[in-house]
Amino acid sequence: MKEEIGILGGGLTGLSLGYFLNQKSYKFMILEKNQETSGLLKSIQIDGFTFDIGGSHIIFSKDKGILNLMVSLLGDNVVRNRRNTKILYKGHYIKYPFENGLADLPKRDNFECLYYFVQNLISKEKGLLNPPRNMKEWFYYTFGKGIAEKYLIPYNEKIWKYPLDQMSTVWVDRIPQPPVEDIIKSSLGIPTEGYTHQIYFYYPKYGGIQSLAKAFEKPINGNIITNFEVRKIKKEEGKWIISNGKQEFEVDKLISTIPLQELIKALEDVPNEVIEAVNNLKFNSLITVGIGVDKPKLNDFSWLYIPDKDVLTHRVSFPSNYSPYGAPQGKSSVLAEITYKDGDGVSRASDKEIAERTVEDLDRLGIIDKDEVILTTVYRFKYAYVIYDLNYKENLKTIFSYLKTIGIDSIGRFGSWEYANMDAVVKMVKKYVEGS
Ligand SMILES: Cc1cc2nc3c(=O)[nH]c(=O)nc-3n(C[C@H](O)[C@H](O)[C@H](O)COP(=O)(O)OP(=O)(O)OC[C@H]3O[C@@H](n4cnc5c(N)ncnc54)[C@H](O)[C@@H]3O)c2cc1C
243 MKEEIGILGG GLTGLSLGYF LNQKSYKFMI LEKNQETSGL LKSIQIDGFT FDIGGSHIIF
303 SKDKGILNLM VSLLGDNVVR NRRNTKILYK GHYIKYPFEN GLADLPKRDN FECLYYFVQN
363 LISKEKGLLN PPRNMKEWFY YTFGKGIAEK YLIPYNEKIW KYPLDQMSTV WVDRIPQPPV
423 EDIIKSSLGI PTEGYTHQIY FYYPKYGGIQ SLAKAFEKPI NGNIITNFEV RKIKKEEGKW
483 IISNGKQEFE VDKLISTIPL QELIKALEDV PNEVIEAVNN LKFNSLITVG IGVDKPKLND
543 FSWLYIPDKD VLTHRVSFPS NYSPYGAPQG KSSVLAEITY KDGDGVSRAS DKEIAERTVE
603 DLDRLGIIDK DEVILTTVYR FKYAYVIYDL NYKENLKTIF SYLKTIGIDS IGRFGSWEYA
663 NMDAVVKMVK KYVEGS
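Numbering (the numbering used here), first residue to last: 243 to 678.
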């Protein structure tokens, strides 16, 4: 008889963990705090509209095996789309990524982007530039002052709400250096593409992105306990006892996929330095605003980036363009994303204020007509983005060496504290199960 495993959290990490463990005939149970599984992949249906309330999610990957797995799990319930994404800059729709859309800029801005890119390149070749020490320097170093100051810095300041010169380059290091040929072509208006692994993306025909989480869940749904918030974890006679304050479960092994903060909070006798390290981890929370519009088509866009700081949302997507079944016939949907931090102005604003402000903003920008809005709905997720501040590695070292000594594995976006998309999560879990 194999040992019983307790999996904490039923987001994509917990569900895919169950999926792979099940294939190896392990005994396990997934304990999920919410009424339903899926975490950030949760979708809701209101009056025929489907909204991905953890933010707009599309399925893509550089890893063909993982992509095939995700797509094949959806069976017939999948559509394939070509990305048509823009950046809204001074009222102009610029092709995404920005460096591939320079010709869409006003002439002066286009010139400045090209000029500073070339100037920067020459300085780099001459060895006049120091290697970047943080994200802000990385933007200047890689793209030059034009692209950095017109788009990358304002947009990233808006989404991260954290000083970019205090963020590590870990997240941006994986972005490829733009070939000079592409930048010149882009400036002249000769078509080039960036982030090509994402040009085509998949999306569920019905049910929003949650259909993907549900597809992982299908073979294992007998092993899931919902409405169970892990509050206390202790070890007694070699067994882990997990409690929500009312009910207890006993397991031989623990794998946590809940945020590190929530895991450490539930453990007893945690050393102060570990508590301090976990308190020092930085993250962003997310508000999504779903908007139903009484118009058959708003535009052909997949999603739009909005660096303008006078606009509350940093990104709006158009779910009914991903799948026509995302909205009732003759209607369209919009999903706006807003990041915030506990205690800031956005966190204190009511859902009604957030929805009204978002509709006003989008109306002013000409993206929707507020008189055609038939519904709005607002959701909040405490854990949305991990922030790679300059000390995060040290903090993680302290936390993970403690978890190792007590024998708990912690994986997933907030369990391993990584900017991990769905494909990275599934890959991480597959590797973990194959190694265990
Ligand atoms: C705005 C946004 C857009 C994104 N877009 C994309 C995209 O387009 N493509 C892509 O591939 N990826 C995208 N992602 C990433 C994707 O959402 C993550 O990779 C994935 O959801 C991570 O799953 P997880 O299970 O690790 O975390 P989560 O989804 O956060 O799951 C954690 C689970 O643990 C539960 N939990 C927490 N505390 C407790 C507790 N005490 N007891 C029990 N349960 C608990 C939570 O309720 C939750 O269900 C996006 C993320 C965001 C924020």
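Built from N, CA and C at the ideal position, the CB exists for glycine as well. None of these values were measured; they are calculated from a predicted model.
Proximity to residue i [Cα-Cα], best of the options
{"i": "Glu614", "options": "Ser575, Ser643 and Tyr567", "result": "Ser575"}
{"i": "Pro538", "options": "Ile616, Ile596 and Leu604", "result": "Ile616"}
{"i": "Val620", "options": "Asp294, Leu430, Pro461 and Asn276", "result": "Asp294"}
{"i": "Trp402", "options": "Lys639, Leu263 and Thr555", "result": "Thr555"}
{"i": "Phe385", "options": "Val360, Asp407, Leu607 and Ile300", "result": "Val360"}
{"i": "Lys269", "options": "Gly677, Ile497 and Arg324", "result": "Ile497"}
{"i": "Glu246", "options": "Leu311, Val493, Pro570 and Lys456", "result": "Val493"}
{"i": "Asn526", "options": "Tyr630, Gly677 and Val472", "result": "Tyr630"}
{"i": "Glu423", "options": "Gln440, Asp605, Glu479 and Leu363", "result": "Leu363"}
{"i": "Phe353", "options": "Ala519, Ser429 and Gly480", "result": "Ser429"}
{"i": "Gly480", "options": "Ile650, Tyr404 and Ser453", "result": "Ile650"}
{"i": "Pro461", "options": "Asn541, Lys447 and Ser258", "result": "Ser258"}
{"i": "Val628", "options": "Asp346, Gly657, Gln489 and Ala508", "result": "Gly657"}
{"i": "Ile300", "options": "Pro561, Lys573 and Lys551", "result": "Pro561"}
{"i": "Glu278", "options": "His334, Arg590, Ala455 and Ile533", "result": "Ala455"}
{"i": "Lys551", "options": "Thr581, Lys573 and Pro570", "result": "Thr581"}
{"i": "Asp542", "options": "Asn372, Glu579, Lys337 and Phe262", "result": "Lys337"}
{"i": "Ile475", "options": "Gly450, Lys447, Gly464 and Glu504", "result": "Glu504"}
{"i": "Val558", "options": "Thr438, Asp603 and Gly677", "result": "Asp603"}
{"i": "Asp605", "options": "Val553, Val667, Thr640 and Ile395", "result": "Val553"}
{"i": "Leu311", "options": "Arg655, Phe458, Gly572 and Thr647", "result": "Phe458"}
{"i": "Pro433", "options": "Glu341, Lys368, Gly450 and Gly388", "result": "Glu341"}
C-alpha gap between residue i and residue j, whole angstroms
{"i": "Lys427", "j": "Gly436", "result": "12 Å"}
{"i": "Phe642", "j": "Gly248", "result": "19 Å"}
{"i": "Pro513", "j": "Leu638", "result": "14 Å"}
{"i": "Glu379", "j": "Asp407", "result": "7 Å"}
{"i": "Tyr661", "j": "Gly296", "result": "15 Å"}
{"i": "Gly431", "j": "Gly343", "result": "8 Å"}
{"i": "Trp545", "j": "Lys328", "result": "7 Å"}
{"i": "Met670", "j": "Pro420", "result": "28 Å"}
{"i": "Val313", "j": "Phe491", "result": "34 Å"}
{"i": "Ile506", "j": "Val675", "result": "23 Å"}
{"i": "Asn563", "j": "Gly253", "result": "25 Å"}
{"i": "Arg599", "j": "Asn276", "result": "29 Å"}
{"i": "Ile653", "j": "Ile500", "result": "8 Å"}
{"i": "Ile467", "j": "Glu510", "result": "23 Å"}
{"i": "Lys400", "j": "Lys477", "result": "43 Å"}
{"i": "Asn522", "j": "Val414", "result": "21 Å"}
{"i": "Gln287", "j": "Thr530", "result": "14 Å"}
{"i": "Leu273", "j": "Asn264", "result": "16 Å"}
{"i": "Phe262", "j": "Arg350", "result": "54 Å"}
{"i": "Tyr335", "j": "Asn326", "result": "11 Å"}
Residue i CB to nearest heavy atom of ligand 1 below 7 Å
{"i": "Thr255", "result": "yes"}
{"i": "Glu504", "result": "yes"}
{"i": "Thr619", "result": "no"}
{"i": "His439", "result": "no"}
{"i": "Glu479", "result": "no"}
{"i": "Asp584", "result": "no"}
{"i": "Thr499", "result": "yes"}
{"i": "Tyr268", "result": "no"}
{"i": "Glu423", "result": "no"}
{"i": "His556", "result": "no"}
{"i": "Leu250", "result": "yes"}
{"i": "Met664", "result": "yes"}
{"i": "Lys639", "result": "no"}
{"i": "Tyr625", "result": "yes"}
{"i": "Arg375", "result": "no"}
{"i": "Leu454", "result": "no"}
Spatial neighbours of residue i in its chain, beta-carbon cut-off 7 Å, leaving aside the 5 residues before and after
{"i": "Tyr382", "result": "Ala390"}
{"i": "Pro374", "result": "Trp380, Tyr383 and Thr411"}
{"i": "Ser485", "result": "Arg473 and Lys474"}
Same chain only: Cβ atoms within 8 Å of residue i, ignoring 5 sequence neighbours per side
{"i": "Asn237", "result": "As displayed, the chain neither begins before 243 nor continues past 678, which places residue 237 out of reach and without an answer."}
{"i": "Asp586", "result": "Lys403"}
{"i": "Glu636", "result": "Ala519"}
Residues of its chain near residue i, where Cβ-Cβ distance is below 6 Å and the 5 sequence neighbours each way are ignored
{"i": "Tyr644", "result": "Val516"}
{"i": "Ala626", "result": "Asn526, Ser527 and Leu528"}
{"i": "Phe623", "result": "Gly296 and Leu528"}
{"i": "Gln452", "result": "Ser280, Leu283, Lys284 and Ser285"}
{"i": "Phe302", "result": "Gln440 and Phe443"}
{"i": "Gly532", "result": "Phe293, Leu577 and Thr619"}
{"i": "Gly487", "result": "Arg473"}
{"i": "Phe291", "result": "Gly534, Ala569 and Ser575"}
Ligand 2 heavy atom lying under 7 Å from the CB of residue i
{"i": "Ile300", "result": "No copy of ligand 2 occurs in the structure displayed; its ligands are ligand 1 alone."}
Query raised in the report: Residue ranges of each beta strand (DSSP E) run of no fewer than 3 residues wholly in the segment 334 to 405, ordered along the chain?
Result: 334 to 337
Query raised in the report: Along the chain, which unbroken stretches of the beta strand (DSSP E) at least 3 residues long are found entirely within the segment 455 to 524?
Result: 474 to 478, 481 to 485, 490 to 493 and 495 to 498
Requested in this report: May I have a chain-ordered list of the beta strand (DSSP E) segments no shorter than 3 residues that lie completely inside the segment 579 to 625?
Outcome: none
Report task. Note down, one range per segment and in chain order, each alpha helix (DSSP H) of at least 4 residues found wholly within the segment 244 to 323. Result -> 254 to 265 and 306 to 315
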